[in-house]
Every structure is written in structure tokens, then in C-alpha cells.
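Residue numbers (the UniProt record's numbering): 1 to 796. Glycine included, each C-beta is placed from N, C-alpha and C at the ideal position.
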């Protein structure tokens, strides 16, 4: 300590000398200025060395000093430990010291001191990745009942998760040991409540450990012993109230496991019956918690056939809606129950039909756009997620090509729909489309959700909330009405989707710009695919020149290209981590390919002075996709859409050489295919191809010259023209395009020389076909062009 004082004397830093006094006398009141001073000097080598010595000399005293200045997350400590010569060792010493502090607390220990130590512990574990699973039994003892927990439970949960991430089996063993010790030694109310809370919170993290403990006879007997203390008359007392609350939450949490659900149905049904029959005004929370548990256990209960039980699925729904309207204690639980209940088709229909419930849901979201009300802060995240999940459920439209739901949603479905009385209610797609349209146009639902702080904070990082938001946008985008998709853009959907996609994608190669999911997680792949589909559907219907205000339209291209499916020529069948193309084979449908082509065609119609957009589309799509799609006989829609996109791009040199390069056999082969397909039975495809030729021949003199000089191409073209003129002379759009092509060809032939123009002059079949057009067609523009051809050619 003398050495430390000597070092301080040598430093001409009065503010620092004053600030470190907090470590000499931690009982003194600290202030923000002291914290700021120490934080600053913890990053400077001379002063950080002094602070490190103070830390090493007495870790607990140093922690008390940090507590006095409210450095609750240990920022100063992190600065000191980062990069010090024995970083891992010293971090371990600090964690051990905190564990001893927590192990030796008494009833007189201030809660703020306990909370501080737990938060610092979490900060160090997160920053340095040093974990001690053996500490978990001590830490888990601080789990508190719901109404007392503040932020402590969340902190402890993060610590457990970090331990499991780094040392899974040791952590599971430690957790197991904590549970077994509690069961074997018996438990007073406080210890029992910590035990119950630990089981509740850890079920989603380590279900196998928790299931073994929860379904054991020791745990069952201990729980039933405490259940005896719960009666309607005792619920006003603190201990029975906390016990009832904790047990109901535990039953709800344990329903994540099938064995536990069966166990709950067999052991705790009477408790749930009592709870569900309580007066909602006197015991609101216990009643709705009981209802939630019953909803989750529905598969294993024959309640509608049980005369002693008054609820049906409709009754459970009505009770949950009542809580939703009143927005009182138990609102979050009611929202969770509705999230499960709205997986039932008949209940989804009921909710959509009740405008007052829809208003209520939207208002609940609106109230949480700016969380200033303290009463909303604790339940904010879970409540928002529940509300979004309900909206996702009721906006969902079943599609024939829809991929299988994720395990979580399958589980939820199995909960909501009794196996013995499976709901066969049909949902009318048109009704859902209209409901979704109303949500967007009448309730501005996308704009409302996007204002939620928690959404703004997580759309880029990813969360369950942002996943459900993407789902809602996707389901609304299934409505093909132009005004619906335009409104989606107005309310910010384009930016929301691109925020999500950019943050959940990786670029495989900078040159190709191919994008793929950042992980192979089923839920991420599924949600990301919906985001791309929604993006695609929107871009089919809106003016891309007006739609983008944050991102460049080029940002969309690699995502739209994903919907064209895998590049079959390079697919090996092997799955690659984080760059897995298997999902393209498994999930991309013909509809995806078709709509992607439509979106790309719409984008390609934009003014593009630098050719950045069109060149990028050609580079990304032609060789890998369009080259195959134009001969796609099994899907005429995809084939036609591919030709339409090519037609929009044909004016660009990069696309032109794909069809009109006399030195490239592949190019001539494609041109030959184009000419043969002019006589397709699909009039829309014929018109598209005729337009492509008309654009190319009118803008580039070399193109009609090529078609004239390559004799077999000229002959094939003229033969096709003659057949079409003879059989389809009344189809104005098609004929107009083709006569312009003929005019360009005869102009080119004349410029080449008499030998070439003579081939047209002496073509009696062409002469007769054009005469037939003059006779049968009444379109003035067509007639003018035909007359010009006849005059110029001077047929013999």
C-alpha cells in the first residue's frame, strides 16, 4: 500500500488522487464526476497501473469503491483487466471474489450491493469469456419471484447462458447439482421460490436437465407440499401469493417439453381448475396464468367432455380477450395465451371478425412506440413479441408452396389444436387478404410497428420481434392490389426488409455479389426467404425510381437473384456451412422464379444513365439462369418472363452479344431458338420476342445486317413472318412489331447491295403475306409500315 501512495505522490494529477480515495473509504458517497475521472484514467497506462495495484491489493474493497460510484457494469474494471499481463488469471480472481461475496451475504446485506456484484460478474464473463460453472449454484440462489426480480433474473440468466456456451456439460452438472441439493435438503419458502424460478427460467435453456428434476417424485412432493398453503383466502398473503405465482409460471414454462405436459395434466390439473375459476377482478393474475397453462396443455386434456370444467377453447379465448380489453394485471400473460390460441383457425376467424379487438391490438402496440411509462418497461419486450406473434398468426395465408413450419411453430400448433378434436375450420383466403389490407390501410400497422424502439433496435441485429415483423409484411404483400403494395412502401416496408436482409446475409464473392444467409438456422433461412419474397412482390408493383430513399436499387439485385434458384451447373449436392445452397433447391418455387423475373424486369425499366442497373442484372442473371429459362418448356410463364427481361435489356451491348454475335456459335444458337419460338402458340411470348427483335433491329444497324447476310437466318425469319402474317394478321401488337422488323431488314438489304434486296423483291410468299395484312388489318400504323415495305422493296 505504501508503494501505491508513493506512486500517487509522483503523479501531478490532483483529480485522480482525489478520485482514488473512494477505494480507501468505499462507504463515502461517490458521484458521477468521480466515476468519469476514474473511467478516463483507467485507460491511461501510468494511472491504470496504480488502479490495478489497488485492485490486486484488495479486490472486495475495490469492488465496494466501484459500487459507491455506481459503476454498475464494471466499465472501469474491464478497462483495467483488458490487456494486463495476467488478464485471465486476474479476471478469475475477481469472479471468485464476487462469488464469495454472494455466498456470504446476510439478511442485512443491501440489495443494491448484491445486484451490483451480479452485474459486474456478468460484465466480466461477457467481456473475457472466463466462466466457472461451479459458481452457478451460488448464483442461482439469487433468482427471485416475478414481483421482486427487477433486473436480477435477466442478469443471472445471461450468466447461465454464457457458462453453457463455453462449458456446456460442466454447467449442466452444476445446475443439476443445485436442483438436487435443494430437493434433498428441503426448502423454506425463500429457497423454494428460488428453486421454482430457476426451473422456470432454465427450461428453455436446458430442458433435459429441468425435465428430469421437474418430473421426479422428490420435486412433485415438494411442490404439492407448498400447494397445500395455497387457498383463495390465503392469496392475499405474500408467501402463498408468491408460491402460486411461481408455480403457475413454472407449469407454463415446463410445457415446452412433451413429457412435462403429460405430467402437468396428470398432477396439476386440479390446481389449474381452481385457478381458472377464480374471480378475475379479485385474482386477475392467477386466473389468466391458469388459463395460459390450460391452453398449453389442451392436447392432453379432455376438458370439453369434463362436466366439472366450464371452459371451452372459445371460453379460453373470451377470457383472454377480456384481459386484453381491460389492459390490467396479467395483460402480458393474456397476450401469450392469445398467441397460442390464434394458431386455431376458428379463433383466428373470430379475431379477424371483431374490429374492436383489432383496434385494441393496434392501440397496445401504439402505446409501446415510446416506452416512457414505467409500468410498460418490464413487460415491454415479451409483450411486443406476443402482439406481433398474434398479428403474424391472423395475417397468415396458407400457400400451396409454403415450406414446413419451424419446430417452434409446429409445437405451438400442437398445443392450440386438440388431437382428439382437430379443428377442421376452413379459412377464406379472400377474407384474410381483405383483413390484411384493412390492417395496412385503415390501421397503418407497418408504420405503427416500425416506430417501436425495440423494433428499430433489433431489425438490423435480428430478434424474434423482427422475424415476426417480416412475416407480417410478407403476408400483407401477398395481396396483389397495386395500392396495397404501394402503401407498404409508403409505410417503410422496403427499408425494413432491406435492413433485415443486409444484416442477415453474407456476400460470398465480391465480384459476383452473391448473397446467402449468414447461418444455416432453419428459422433464419425461412424468415429471410420471406423477406426476399416480400421484397420481390413489392418491386413487381411499384415504380422503383420512386420507391428507394435509403438504399440503392442495386442493393436489391442479389436478393432477387436468389429467388431464381440455384445455379444447377455448379451445384455439387454438398452442404456448405454458412453458404448453403441447399435451401435454394429445397425452398425456391416456380412462382419465386417467375416473380423474381417480373421484379427484375420492372427494375430494368428504370432510367439508368450509367447502365449500372442493367449491366448488373445481365451479369448476375444471364449465364446462370436466363440462358436456361428461355428454353424452359415445363414452365411457359418462366420462359416468357425470361424473354421479357431479355427484351428490356437487349439494347445493352452485354446482352446484344448474347444473341447477335456472328463469331460465337452459342450466340447464333440462341438467335436460332428465338426465331423458332416466334411461332409459339403463346401469343404473349410471340409478342415479347417480336418486340425484342424490333428493338434490336431499329437501334443497331449491325443487327438487321447480320440477319440479312446470314442466309439461313434470313430464310428462317421470313418463313416465320409469312406464316404469322397469314394466320394472325388481326393481332395488332404482334403484327406491328414484325412489320417494323421486316422494314429494318429491307433497309439493311438495300444498303448492302442489289443482291440482298433482290432476295426480298422476288419472295412471292412474303409479298402475298403482306398483301393479306393490307387486306385484313385496319390498324393505320401497321398499314403505313406495310405500304412503306412494298414501295421500298418493289416486289416482282
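Given residue i as reference, the closest of the options once Cα atoms are compared
i: residue 797; options: 512, 547, 555, 543; result: One cannot answer for residue 797 here, as it falls past the ends of the chain, which runs 1 to 796.
i: residue 91; options: 36, 254, 494, 77; result: 77
i: residue 426; options: 350, 438, 103, 681; result: 350
i: residue 687; options: 490, 316, 641; result: 641
i: residue 438; options: 467, 487, 463; result: 487
i: residue 360; options: 333, 339, 348, 326; result: 326
i: residue 398; options: 433, 388, 387, 558; result: 433
i: residue 622; options: 612, 609, 216, 658; result: 658
i: residue 281; options: 270, 328, 259, 344; result: 328
i: residue 231; options: 242, 176, 222; result: 242
i: residue 735; options: 776, 760, 753, 69; result: 776
i: residue 797; options: 126, 543, 73, 783; result: This structure cannot settle anything about residue 797, because the visible part of the chain is limited to 1 through 796.
i: residue 45; options: 33, 66, 82; result: 82
i: residue 495; options: 783, 549, 193; result: 549
i: residue 742; options: 224, 698, 387; result: 698
i: residue 162; options: 180, 132, 151; result: 132
i: residue 740; options: 790, 753, 716; result: 790
i: residue 470; options: 435, 663, 388, 714; result: 388
According to DSSP, residues forming a beta bridge with residue i
i: residue 800; result: In the structure displayed, the chain extends from 1 to 796; residue 800 sits before or after that span and is not available.
Reduced DSSP category for residue i - H, G, I as helix; E, B as strand; rest coil
i: residue 185; result: helix
i: residue 145; result: coil
i: residue 515; result: strand
i: residue 402; result: Interpretation of residue 402 is limited by its pLDDT of 47, a score under 50 that renders its predicted location unreliable; the figure taken from the coordinates is listed afterwards. If DSSP states are grouped into helix, strand and coil, residue 402 belongs with coil.
i: residue 506; result: strand
i: residue 286; result: helix
i: residue 409; result: For residue 409, the predicted model reports a pLDDT of 48, less than 50, meaning its position is unreliable; a value from the coordinates is still stated below. Of the three classes helix, strand and coil, the one that applies to residue 409 here is helix, per DSSP.
i: residue 206; result: coil
i: residue 660; result: coil
i: residue 589; result: coil
i: residue 577; result: Summary for residue 577: the model assigns pLDDT 42, below 50, so the residue's position carries little reliability; its value from the coordinates is reported in the next sentence. Coil at residue 577, not helix or strand.
i: residue 796; result: coil
i: residue 20; result: coil
i: residue 74; result: coil
i: residue 238; result: helix
i: residue 499; result: helix
i: residue 655; result: helix
i: residue 443; result: coil
i: residue 268; result: coil
i: residue 313; result: helix
i: residue 230; result: coil
i: residue 131; result: coil
i: residue 222; result: helix
i: residue 778; result: coil
i: residue 378; result: Its pLDDT being 46, under 50, residue 378 is placed unreliably by the model, and the measurement read from it follows with that caveat. Three-state result, residue 378: coil.
i: residue 548; result: coil
i: residue 191; result: helix
i: residue 797; result: A query on residue 797 cannot be resolved here, the shown segment of the chain reaching from 1 to 796 and no further.
i: residue 255; result: coil
i: residue 431; result: helix
i: residue 426; result: coil
i: residue 83; result: coil
Closer than 8 angstroms is the cut-off here; do at least three beta carbon pairs connect the stretch 744 to 752 with the stretch 689 to 709? In the pairwise beta carbon analysis, the stretch 744 to 752 is classified as touching the stretch 689 to 709: at least three pairs are separated by under 8 angstroms.
Enumerate, from N- to C-terminal direction, the unbroken alpha helix (DSSP H) stretches of 4 or more residues contained entirely within the stretch 90 to 129. 111 to 128
Any contact between the stretch 152 to 167 and the stretch 188 to 195? By contact I mean 3 or more CB pairs, one from each, below 8 angstroms. no
Entirely within the stretch 515 to 541 and at least 3 residues each: give me those beta strand (DSSP E) ranges in chain order. 515 to 517
Taking the runs of the alpha helix (DSSP H) that are 4 residues or longer, which of them lie wholly in the stretch 671 to 738? As far as the stretch 671 to 738 is concerned, its whole alpha helix (DSSP H) runs of at least 4 residues are 683 to 699, 702 to 709, 711 to 727.
Please specify which runs of the alpha helix (DSSP H), each continuous and at least 4 residues long, are wholly inside the stretch 320 to 359, giving them in chain order. 331 to 341, 345 to 353
Please determine if the stretch 580 to 589 and the stretch 610 to 625 are in contact, where contact requires at least 3 C-beta pairs separated by less than 8 angstroms. As far as the Cβ criterion goes, the stretch 580 to 589 does not touch the stretch 610 to 625, which means the pair count is below three.
Could you say if the stretch 329 to 348 and the stretch 312 to 321 meet the contact criterion of at least three C-beta pairs nearer than 8 angstroms? yes
With a threshold of 8 angstroms, are at least 3 pairs of Cβ atoms found where one atom belongs to the stretch 438 to 454 and the other to the stretch 502 to 516? At 8 angstroms Cβ cutoff, the stretches do not touch.
Let me know the alpha helix (DSSP H) ranges lying completely inside the stretch 610 to 658, each 4 residues or longer, listed in chain order. 612 to 621, 636 to 649, 653 to 656
I'd like to know if the stretch 46 to 57 and the stretch 98 to 112 are in contact, where contact means that at least 3 CB-CB pairs between them fall below 8 angstroms. no
Tell me, please, whether the stretch 723 to 733 touches the stretch 754 to 761 by the rule of three or more beta-carbon pairs shorter than 8 angstroms. The stretch 723 to 733 is not in contact with the stretch 754 to 761.
Is the number of C-beta pairs between the stretch 516 to 531 and the stretch 540 to 548 that are closer than 8 angstroms three or more? no
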